Amino acid sequence: MIQSNIKLYIMKKVISKLFLAIVIMTVCSNITFSQGKESAPKKIVMKRFLVERTFPNGLNIPVNEEGSKICLSVVSTNALDNVTWIHSYVTKDKKKTYCIYDAPSEEAIRKSAKANNLPVDNVVEVNVLDPYFYQ
């Protein structure tokens, strides 16, 4: 009796997981099929940029939950223009930052900066040079 209950329980679990997998595959294939029918997905070419900013009063992002929310808000706003904030370097006096971004264009970075109320002094397209590449 106990063994049959265990077998039944296992069968129900397997069937429910199988059903879920089928539903997911069906939804994904319908999305792909409908996208293919209407038009091919647009490919976005990302470039790497160095963005220089000046904060006359200093950049003061608290190192706590509030600061985390501020940074995540910037990330979310950037995503609307396919802009990805990789990381930033902040000077000791906190008045200058040098930020690395991936984005489709300089214009996308400037648009995101404006939406985030961030200054932009200079935007330069760059390539990555890794010293370990040459070994």
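What the sequence shown shows, in the working numbering, is residues 6 to 140, in sequence order.
Yeah, the Cβ is synthetic: ideal placement off N, Cα and C, and Gly gets one too.
This structure is a prediction, so every number in the text was calculated from the model and none was measured.
Exercise. Can you give me the Cβ contacts of residue 60 inside the same chain, cut-off strictly under 8 Å, excluding the 5 residues immediately before and after it?
Key: As a working note, residue 60 is residue 55 in the sequence shown. Its chain contains 99, 100, 101, 102, 124 as the residues whose beta carbon lies nearer than 8 Å to that of residue 60, once the 5 sequence neighbours on both sides are disregarded; these appear in chain order.
Quiz item: Can you check whether the CB of residue 57 is closer than 8 Å to the CB of residue 126?
Solution: Within the sequence shown, numbered from 1, the residue matching residue 126 stands at position 121. Within the sequence shown, numbered from 1, the residue matching residue 57 stands at position 52. Yes.
Practice problem: Could you tell me which of 78, 75, 83 sits nearest to residue 111, measuring between CA atoms? | Solution: Indexing the sequence shown from 1 puts residue 111 at position 106. With distances taken between Cα atoms, residue 111 lies closest to 83.
Exercise. Alpha carbon to alpha carbon, how far is residue 79 from residue 121? Give it in angstroms, no decimals.
Key: If you number the sequence shown from 1, residue 121 lands on position 116. If you number the sequence shown from 1, residue 79 lands on position 74. If I take the Cα positions, the gap works out to 6 Å.
Self-check item: Cβ pair residue 130, residue 48 closer than 8 Å
Solution: The residue given as residue 130 occupies position 125 in the sequence shown. The residue given as residue 48 occupies position 43 in the sequence shown. No; because the gap between Cβ atoms is not below 8 Å, this pair is not in contact.
Practice problem: May I have the straight-line CA-CA distance separating residue 88 from residue 55, to the nearest angstrom? | Solution: Counting from one through the sequence shown, the residue named residue 88 turns up at place 83. Counting from one through the sequence shown, the residue named residue 55 turns up at place 50. The C-alpha of residue 88 lies about 13 Å from the C-alpha of residue 55.
Quiz item: Near residue 63, what residues of its chain come up, given a Cβ to Cβ distance below 6 Å and the 5 sequence neighbours on each side ignored?
Solution: Sequence index remark: in the sequence shown, residue 63 carries index 58 (1-based). Hits under 6 Å: 99, 100.
Exercise. Please state if the CB of residue 66 and the CB of residue 76 are separated by a distance shorter than 8 Å.
Key: Against the sequence shown, residue 76 aligns to sequence position 71. Against the sequence shown, residue 66 aligns to sequence position 61. Yes, they are a contact pair.
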